[in-house]
Structure formats: structure tokens, C-alpha cells
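Q: Following this message is one structure expressed as C-alpha cells.
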Amino acid sequence: MSGPILVAFDFDHTIIDENSDLSVIKLAPDGELPEEIQAKYSDNGWTNYMGAIFEYLHKNGRTKDDFAKCMYDIPFTNGFLELFQYLRDDCFEVIIISDSNMKFIEFSLENAGISDVVYAIYTNPAYFDNSGCLRIKYYHEQDWCKLSTVNLCKGHILQEHIKQRDGEGIRFRHVVYVGDGYNDLCPALTMKQHDFICPRKNFKLWREMKRLGVLDGEAGELDLKAKIVEWDSGIQILDLLKTLKE
Numbered sequence: 128m129s130g131p132i133l134v135a136f137d138f139d140h141t142i143i144d145e146n147s148d149l150s151v152i153k154l155a156p157d158g159e160l161p162e163e164i165q166a167k168y169s170d171n172g173w174t175n176y177m178g179a180i181f182e183y184l185h186k187n188g189r190t191k192d193d194f195a196k197c198m199y200d201i202p203f204t205n206g207f208l209e210l211f212q213y214l215r216d217d218c219f220e221v222i223i224i225s226d227s228n229m230k231f232i233e234f235s236l237e238n239a240g241i242s243d244v245v246y247a248i249y250t251n252p253a254y255f256d257n258s259g260c261l262r263i264k265y266y267h268e269q270d271w272c273k274l275s276t277v278n279l280c281k282g283h284i285l286q287e288h289i290k291q292r293d294g295e296g297i298r299f300r301h302v303v304y305v306g307d308g309y310n311d312l313c314p315a316l317t318m319k320q321h322d323f324i325c326p327r328k329n330f331k332l333w334r335e336m337k338r339l340g341v342l343d344g345e346a347g348e349l350d351l352k353a354k355i356v357e358w359d360s361g362i363q364i365l366d367l368l369k370t371l372k373e
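At the far end of the sequence shown sits residue 373, using the numbering used here, and the numbering has no gaps.
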């Protein structure tokens, strides 16, 4: 089967080994948020919550350089820098689908010298306004997927990318999705028999798949067609891609 291999990544706790949003809390005075900011948190309104945090940090003198350094300090997950060097091969197309934001992802990739490896980034738009405050917007607003947040349906984004590239004459022989979070279950359910879903061991996606009984080759409670490759290092993903490339 000809055609490139699409490799799609989550960002937090996948490419990098921390949650980029939570990491910036250390920029607050004494590394803590006041109660009035914490009160804005809700499972369905994470992006708005982060917007409030960014405003608070701006009022306390934090700048673009502070955010950039914070991202630079976050380590990449074990084996991922080696993995991204391998992904420079023309037979791969790399995308990132993340509920973080564009600025954080760009800072990390640019500092590591791997921005050019990534074909597209699908995430919440972010920018620094004229006063220097970091602003964030929803990627989109959706009401059709209960597995995803209101601002980002990863399965929809993955399939739209595949559809767009198909319209451009690019048909992928395999899709490999690498993630860790509960919302990574959504794209997993859109994938086909010749695709691969790669949950990080002992993280939310892996635990949910284990709970539903699909990690041991059983059908379990999910209509999951893709093959499962568990990982705790980027080297395991690299080994999978070497096999698929042959």
C-alpha cells in the first residue's frame, strides 16, 4: 500500500512530559493562584479558565519571555526528540492535535529545533495583544462529541485533516495516533483496521481502555477498529514506525 504515514500527536504528557497549562502557574506570585481565579475553573470551561490565568499573570508583570522560558524548561517525554528526528523522513506526515494553545506548542517545538518536522498544528489559537497579555480562543465550538471538550473535538479534526489531504491527492496508508488523555479516545474511535492507536501506559487514555477491556486484544465495550500499541517511551513509537515503513 503506497502513500505516506500520518502520525498524529497529542502535546501535553505526550510530546512533552508535563501539562503546559499547569506549568505556567509557577509564574504566579509564590507559585499559587488566588481563590477568585481558582473559582473560575470548570471541566467544561478550561480554555476560559486559562484565559483568566493569563490575565492574572499579565497583571503581575509576566511577559512573553517568561512564558517562553517556562515552555523551554519543560522536558520532552523520553525518546521523543529521537522520534521526531526520525520523522523527518518524507514518508511521514506529522500533525499535532492538542487542547493546549498555539503559542505554548510553538515555543516548545522551536526551542527543540523540530518545528519543521510538523506539517500542521490543530489547537486553540493564542496571541500576545498590544499590552503583552497572552490571549486564547476556542479552536471551534462543538456540541456533537461527549468525549471531547466543547472547544476541541479531536476525532473531528483528525478526520477533517484526512479528508482535506485526500482532496489534495494524498492518501495515507496508515494513521498512527499517539496520546495519553481521555479526549484522545475520540480520535481512536474514528480510525480504521490498518491504523494504530498508541496510549501512554498508566495515563488516562490507557486506563480507560483497560477499564473497557480492549487492551488485551479483546473487543471489550468499544467499537475500536485500530490496532493498539502501548508505550512509555518515544522509542516504542519509533520502532512501530520503522516496521510500518518497511
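The beta carbon of each residue, even a glycine, is placed where N, CA and C say it ideally should be.
Only a predicted model underlies this, so the values are computations on that prediction, with no experimental measurement involved.
Taking T174 and Y265 to be in contact with their CB atoms under 8 Å, please state how far apart those CB atoms are, rounded to whole angstroms.
A: Sure, about 6 Å apart at Cβ, within 8 Å.
Q: Going by the CB atoms, is the gap between F234 and F203 shorter than 8 Å?
A: No, the Cβ-Cβ distance between F203 and F234 is not below 8 Å.
Q: For N228, collect the residues of the same chain with a Cβ closer than 7 Å to its Cβ; drop the 5 residues on either side in sequence, then sort them by chain order.
A: Result list for N228: T250, N251, A253 and I263, in chain order.
Q: Determine the burial state of T276: buried for a count of at least 16 other Cβ atoms within 10 Å of its Cβ, exposed for fewer.
A: Its Cβ being crowded by 16 or more others within 10 Å, T276 is buried.
Q: Of all the options L279, D322 and E182, which has the alpha carbon lying nearest to the alpha carbon of K167?
A: The residue with the shortest Cα to Cα distance from K167 is E182.
Q: Restricting to runs no shorter than 3 residues, where is the beta strand (DSSP E) found entirely within the region 134-206?
A: Runs of the beta strand (DSSP E) inside the region 134-206: none found.
Q: Based on Cα-Cα distance, which residue from I362, I224 and G178 lies nearest to F138?
A: Checking every option, the nearest Cα to that of F138 belongs to I224.
Q: Looking at C-alpha atoms only, which residue of G172, T141 and G130 is the closest neighbour of N278?
A: It is G172.
Q: Please say whether V303 and I142 have beta carbons closer to each other than 8 Å?
A: No, these two residues do not count as a Cβ contact at 8 Å.
Q: State the start and end residues of the unbroken alpha helix (DSSP H) segment that holds C325.
A: Run containing C325: none in the alpha helix (DSSP H); it sits in the beta strand (DSSP E), F323 to P326.
Q: To the nearest angstrom, report how far apart C218 and L351 are at their CA atoms.
A: Roughly 26 Å between the two C-alpha positions.
Q: Would you identify the three-state DSSP class for G306, choosing helix, strand or coil?
A: Correct three-state label for G306: strand.
Q: Looking at C-alpha atoms only, which residue of S258, V305 and E209 is the closest neighbour of G240?
A: Measuring from the Cα of G240, the nearest candidate turns out to be E209.
Q: From this set, Y213, V341, F136 and V244, which residue's C-alpha is nearest D366's C-alpha?
A: The candidate whose alpha carbon is nearest that of D366 is Y213.
Q: Since I201 and S150 are thought to touch, with beta carbons under 8 Å apart, how far apart are those beta carbons, to the nearest angstrom?
A: That belief holds up - the Cβ atoms of I201 and S150 are roughly 6 Å apart, short of 8 Å.
Q: Helix, strand or coil for A253? Go by DSSP, reduced to three states.
A: Correct three-state label for A253: strand.
Q: Go ahead and pull the three-state DSSP assignment for Y265.
A: Residue state, collapsed to three classes: coil.
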